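Notes follow the structure.
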Amino acid sequence: MCSTAPHVFATTSSCEAVFPDRAAAAAFVSQWTADWNRIDIAAVVAHLSDDARMRSPLAARLTGEPVVSGREVIARYWHTAYGSLSEPNLQVEAFAWDPAICRLNVWWTADTSSGPTRASEFMDFTPDGLIHYGEAFYGQ
783 MCSTAPHVFA TTSSCEAVFP DRAAAAAFVS QWTADWNRID IAAVVAHLSD DARMRSPLAA
843 RLTGEPVVSG REVIARYWHT AYGSLSEPNL QVEAFAWDPA ICRLNVWWTA DTSSGPTRAS
903 EFMDFTPDGL IHYGEAFYGQ
């Protein structure tokens, strides 16, 4: 298996407690969507671990590096990237939760500063429910 994502998946405890069922994952996705639609970046980063890392092509364009590290640095990056949006109209098309590797994948569309955007974004969670790594892939 070839991946740039960190391999810090739960080895001693199960991630089933993060989202014990599909309804729990759906509730998180619903709140995450509402937070992004309000551009409430503080609420979004509240789900990140202190040492979280996010990777995206937008990060590479805005910061010169494809990976942004640390909750506070990610918050500043997201304020720069999305703080000027008033109504992103982010809509989730689908999501999938894999408790075996603590990964939530969300497929969404939104109105961004570069126009209508489609994305696939995954979030890797720690067993205690914080996102420690995320990666986004964008298209039109």
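The sequence shown lines up with residues 783 to 922 when you count with our numbering. All C-beta atoms, glycine included, are put in the ideal place defined by N, C-alpha and C. Given the structure is predicted, the values throughout are model-derived calculations rather than measurements.
query: Under 7 Å Cβ to Cβ from Ala842, same chain only, skipping five residues before and after it: list those, please.; result: Pro848
query: Look at the Cβ atom of Pro870, then the Cβ atom of Ala892, and state whether they are nearer than 8 Å.; result: yes
query: Exposed or buried, which one is Phe919 when buried takes at least 16 other CB atoms within 10 Å?; result: exposed
query: I'd like to check one pair, Leu867 with Thr894: are the Cβ atoms closer than 8 Å?; result: yes
query: Which residue comes first and which comes last in the alpha helix (DSSP H) that contains Pro839?; result: 839–845
query: Run through the segment 875–900 for me and flag every whole beta strand (DSSP E) of 3 or more residues, listed as ranges in chain order.; result: 885–894
query: Contact between the segment 850–869 and the segment 813–833: three or more CB pairs below 8 Å?; result: yes
query: Between Ala807 and Phe877, which are expected to be in contact by the criterion C-beta below 8 Å, what is the C-beta distance as a whole number of angstroms?; result: 7 Å
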